[in-house]
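In my numbering, the protein residues as written are 1 to 369. Here a beta-carbon is modelled for each residue, glycine too, at the ideal position from N, C-alpha and C. Everything numeric in this text was worked out from a predicted model, so none of it was measured.
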């Protein structure tokens, strides 16, 4: 749409004529479009933000839940079960599901349907913002552990591989418990300093305690949730690719007797390159604008802003916040696109579930004699 702000009397009269013309038409969609076009800019921007939270938010919630559930199912298959990397990725998917179904869902209710659960309950207020950071940080840490696993498994030095493969099931579980406990304690300040505050005579908002703590909380989130994740993803991706290429170079001999193995390694290299490229792009789209927005909002908090500027900033903030969830929604689709083993396991599970469903229907409704 071309959003028009009608200010003069003449334009207002033309607007009324346009409305009457649209009302005489039998197309309800035209009437909706007309109302959006003639609406003042601020109301229009607020309406767009509301609709984005409803439609984009629900879309992300749906594909994210599908992604997380399929990841958990597939990474528990025999082909992946013995790998600690798969275990880390399945735990990352569990953290993603917590984030999406607690944090994103309450966001959709608050900004899409105007149902603010946080302002009505101090427990929901504190727990929601607490889980927001804990689930993000756990998910990212588990992914980094999976990347570390892949890096060490591609090391050509036997000592490094042996040093890494100390990770028996018991030690992996202890590591997971330690990391989860660390983040639960590190973010516990939100349980204390988040509360419901009056922002006007009629409005209550769940927010961090004003003052020094707001700066600490914002910088903490911008650093650990915004800036560091794409940096770590890029670093580990480049190191893993370097190790794979070293393996390829070592496999090339004068007689080149290992052509089959070499071609297999090169194929894995291509898959891994594509997967890491997709993950890096999604991570940058998700996290970098988010951290910039957090810092910008904090720095310009005391500046005077017109109502129209606030409306534009509000719309941009909603777009960035929704984009920040994309990293937690698309992992399954990245693995499905880039990994042949992952695709084969998915197809196998799909076929077996269809077969079981068909056999069950046959038992319940046998053919008549």
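Between residue 236 and residue 151, the gap from beta carbon to beta carbon is short of 7 Å. The DSSP assignment places 41-75 and 78-81 as complete runs of the alpha helix (DSSP H) inside the segment 40-88, in order along the chain (cut-off: 4 residues). Looking only at 133, 209, 132 and 172, the smallest Cα-Cα distance to residue 145 is reached by 172. Non-local C-beta neighbours of residue 218 in its own chain, meaning closer than 6 Å and more than five positions away in sequence, comprise 294 and 298, ordered along the chain. With the rule of 3 Cβ pairs closer than 8 Å, the segment 134-148 counts as touching the segment 71-91. Remark: fewer than three beta-carbon pairs, one from each stretch, lie closer than 8 Å, so the segment 54-68 and the segment 78-87 are not flagged as touching.
The DSSP-derived three-state label of residue 206 is strand. Here DSSP, grouped into helix, strand and coil, assigns residue 194 to strand.
Its chain contains 345 as the residues whose beta carbon lies nearer than 6 Å to that of residue 77, once the 5 sequence neighbours on both sides are disregarded; these appear in chain order. Boundaries of the alpha helix (DSSP H) around residue 316: 307-323. Counting of Cβ neighbours within 10 angstroms places residue 210 among the exposed residues, the total staying below 16. With a cutoff of 7 Å on beta-carbon distance, residue 233 and residue 279 are scored as near each other. Distance from the CA atom of residue 318 to the CA atom of residue 47, rounded to whole angstroms, is 12 Å.
In this structure, the straight-line span from the alpha carbon of residue 57 to that of residue 113 is close to 11 Å. Within a 10 Å sphere around the beta-carbon of residue 53 sit 16 or more other beta-carbons, which makes this residue buried.
Per DSSP, reduced to three states, the secondary structure at residue 120 is coil, with no helix or strand assignment. In summary, residue 334 is buried, with 16 or more beta-carbon neighbours lying within 10 Å of its beta-carbon over all protein chains present. Within the same chain, Cβ atoms closer than 7 Å to the Cβ of residue 229 are found at 140, 283 and 287, the five residues on either side in sequence being excluded. By the neighbour-count criterion, in which 16 or more other beta carbons inside 10 Å mark a residue as buried, residue 301 falls on the exposed side.
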